[in-house]
Amino acid sequence: MLALMLALSTVVPYSVSIDAATTETTETTKAAQTEDLPNVAILATGGTIAGKGNSGTDTTSYKAGELSVESLIEAVPEMAEIADISGEQIANVGSPQITNDILLQLGKRINELLATDDVDGVVVTHGTDTLEETAYFLNLVVKSDKPVVVVGSMRPATAVSADGPLNLYNAVLLASSEESKGKGVLVSLNDRIGAARYITKTNTTVVDTFKATEEGYLGRIVGGVPYYYTESTRKHTDETAFDISEIDELPQVDIVYSYQNNQRYMIDAAVENGAEGLIIAGSGNGSLSSAYVEGAKDAVESGTEIVVSSRVGSGTVSPRDSFMTSDSLNPQKARILLMLALTVTEDDDQIQSFYDQY
18 MLALMLALST VVPYSVSIDA ATTETTETTK AAQTEDLPNV AILATGGTIA GKGNSGTDTT
78 SYKAGELSVE SLIEAVPEMA EIADISGEQI ANVGSPQITN DILLQLGKRI NELLATDDVD
138 GVVVTHGTDT LEETAYFLNL VVKSDKPVVV VGSMRPATAV SADGPLNLYN AVLLASSEES
198 KGKGVLVSLN DRIGAARYIT KTNTTVVDTF KATEEGYLGR IVGGVPYYYT ESTRKHTDET
258 AFDISEIDEL PQVDIVYSYQ NNQRYMIDAA VENGAEGLII AGSGNGSLSS AYVEGAKDAV
318 ESGTEIVVSS RVGSGTVSPR DSFMTSDSLN PQKARILLML ALTVTEDDDQ IQSFYDQY
């Protein structure tokens, strides 16, 4: 035993035995690997993923949009192993504060970046409350087949077991993957891969909140590897009719909700306040009270476009003669599509065709 201990004590550590030539070779290899990595731009808009709370257990009363994009990148140094990362701060707000102006700025910037050879994919960090709206907007206006991934978190950066860092790493993984090309804008949280067309927030606070209850996820990430199993059949990105490059303002489109004993004054108020389009979140299969039908018909007569969606959370609103319908888009996504449709046409048949295709 003594002889063995003496022998082990004379072993030279591996790091000490590496000569200068080997070190130079290693550094050269690392540099070559870095040059081969895809380039991913992270565009930050704020949200819970950039939020700070007063304690590690504060997961509801934190302040969103407190950390910079640089802080988000520095918190996940492992991303440097899979991509060359750059960051830009588009906004730093909670997602209910995302405006049409921010949407246009974000969409235009993504198109600028993806039009170059210097960017292979884009990640957008975003608050979860309206994340699906931004993701669907980008799904309709991005003019590239390069990956765009929208990501957020349900817990702030200061929380115990914060989900943001791994979500961000996975988003960069997807944005740098060749397999992600041509699949439309993706949403990635909780190791799931969702299509912007289908995914929606389904729970107020739990981590596993984003689901596509009928269509399902596109895939999942397991052990740092993305696995795709399905894809969206709806047209997206460079297949759509929408070009925002010269657009500085989007049409006003509002949403009104259907319920028992509702009166038409909500519809009237929207029209009087300049709504060019109106989404009605009907009950069941888009059913409306007689008061709402009357108000909606008068709105159409005054030049406001009406689209009927449903408040129930899933399913397709069947076609009808009196108004356009949103297919399976929920009210908030139906609003996004109608805003963009009105930049192209006011023809009901063409607008309906957008809902049928996109």
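End of the sequence shown sits at 375 in our numbering; the numbers just go up one at a time, nothing left out.
All C-beta atoms, glycine included, are put in the ideal place defined by N, C-alpha and C.
No experiment lies behind these values; they were computed from the predicted model shown.
Unbroken beta strand (DSSP E) runs of no fewer than 3 residues, entirely contained in the segment 195-266, are found at 203-206, 209-212, 236-239 and 242-245, following chain order. Counting along the chain, Thr-151 sits inside the alpha helix (DSSP H) bounded by residues 148-158. Residue environment for Asn-71: exposed (fewer than 16 other C-beta atoms within 10 angstroms of its C-beta). Cβ contact annotation for Ser-170 (same chain, cutoff 6 Å, sequence separation greater than five): Thr-65, Ile-66, Asp-180, Gly-181 and Asn-184, in chain order.
Residue state for Gly-169 is assigned as coil, using DSSP reduced to three classes. Shown here for Ala-81: same chain residues with a beta carbon closer than 8 Å to its own, the five before and five after excluded, namely Gly-63, Gly-64, Thr-65, Ala-67, Gly-68, Val-110, Gly-111, Ser-112, Gly-144 and Pro-173 in chain order.
In terms of CA proximity to Leu-354, Ala-213 leads the group Pro-55, Gly-104 and Ala-213. Pairwise C-beta distances place the segment 282-296 in contact with the segment 320-338, as three or more of them are shorter than 8 Å. Rounded to whole angstroms, the separation of the alpha carbons of Leu-60 and Tyr-244 is 24 Å. A check of alpha carbon separations from Val-310 across Val-202, Asn-279, Phe-154 and Gln-269 identifies Asn-279 as the nearest.
In this structure, the CA atom of Asn-56 is about 9 Å from the CA atom of Asp-134. With a 10 Å radius around the Cβ and a threshold of 16 neighbouring Cβ atoms, Asn-220 comes out exposed.
Taking the C-beta atoms as reference points, Met-283 is found nearer than 8 Å to Val-273.
Among the bridge pairs identified by DSSP, Gln-114 is matched with none. Burial state of Asp-255 is exposed, judged by a 10 Å Cβ sphere holding fewer than 16 other Cβ atoms.
Under the criterion of beta carbons closer than 8 Å, Gly-211 and Leu-191 do not qualify as touching, at roughly 11 Å. The beta-bridge partner set that DSSP reports for Val-139 consists of Ala-58 and Val-165.
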